[in-house]
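Trainee: Encoded as structure tokens, here's the structure I'll be asking about.
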Amino acid sequence: MNPSKKEILKQEIDRLLSEGIIERCARFKATNQKPAGLLRTPVYSQRFEVIAIDLFGPLPQTDTGKQWIFIVEDCATKWVELFALSQASARQCATTLIEEVFMRHGIPRRIISDNGTQFVSAVLQQICFTLNISQNFIPDYSPQSNPVERKNKRP
């Protein structure tokens, strides 16, 4: 009586299981999964090196005609400054940036903003080009990429 190949294979597997060889092999088997990558948290060397900007509004108009809030956040220290604007225009945003932020804190290396018309306008583009500021736009429909967006929540 000749044992079939199937019976021989079953006997061999049973022997390997009883001796614990399969468990030892599985423990030392090389994995084909790549290790998880490191989270790259940005490290800023100085204050107001990178700023994030955004507009919030329109809000109910004040007695002085202001109904927009221009938000500027320093990404290194999380310092937030708010400026009331009467219009959400590129010219008012640019003027506020120069007079209120750049004149007090210095010129940043990078500005992060959404793709709002005020921020992609020729006025702000020209200011960034002239002052050698890198302008980064967050992806469309991904507001969580802009650090300022967390401050824009209505109560």
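Following full-length UniProt numbering from start to finish, the sequence shown increments by one per residue and tops out at 155. Cβ coordinates follow ideal geometry from the N, Cα and C atoms, glycine included. Quick caveat: nothing in here was measured; it's all calculated off a predicted structure.
Identify the continuous alpha helix (DSSP H) that holds Q125 and give its terminal residues.
Mentor: Here the alpha helix (DSSP H) through Q125 covers A122 to T130.
Trainee: Are there three or more Cβ pairs, one per stretch, closer than 8 Å when the stretch 79-90 is compared with the stretch 107-114?
Mentor: Too few Cβ pairs lie closer than 8 Å, so no.
Trainee: Could you compute how far the alpha carbon of G57 sits from the alpha carbon of F119?
Mentor: Rounded to whole angstroms, G57 to F119 spans 15 Å at the Cα level.
Trainee: Does the pairing of the stretch 61-80 with the stretch 93-105 give three or more beta-carbon distances under 8 Å?
Mentor: Result yes; three or more Cβ-Cβ pairs closer than 8 Å.
Trainee: Hey, quick one: how far does the alpha helix (DSSP H) through D14 stretch, first residue to last?
Mentor: First-last of the alpha helix (DSSP H) with D14: K5 to E19.
Trainee: Do Q106 and F28 have their CB atoms nearer than 8 Å?
Mentor: Before going on, a small fix: residue 106 reads as Gly here, not Gln. Not in contact: G106 and F28 (Cβ atoms no closer than 8 Å).
Trainee: Leaving out the 5 sequence neighbours to the left and right, which residues in its chain are closer than 6 Å to Q61 when beta-carbon positions are compared?
Mentor: For Q61, where only same-chain residues beyond five positions count, the Cβ hits under 6 Å are Q67.
Trainee: To the nearest angstrom, how far is the alpha carbon of S86 from that of P35?
Mentor: Between S86 and P35, the C-alpha separation is close to 52 Å.
Trainee: Which residues in the same chain have their Cβ closer than 8 Å to the Cβ of Y44, if we skip the five residues on either side of it in sequence?
Mentor: These residues qualify, in order along the chain: V50, C75 and A76.
Trainee: Can you give the Cα-Cα distance for Q135 and A30, rounded to whole angstroms?
Mentor: C-alpha separation (whole angstroms): 45 Å.
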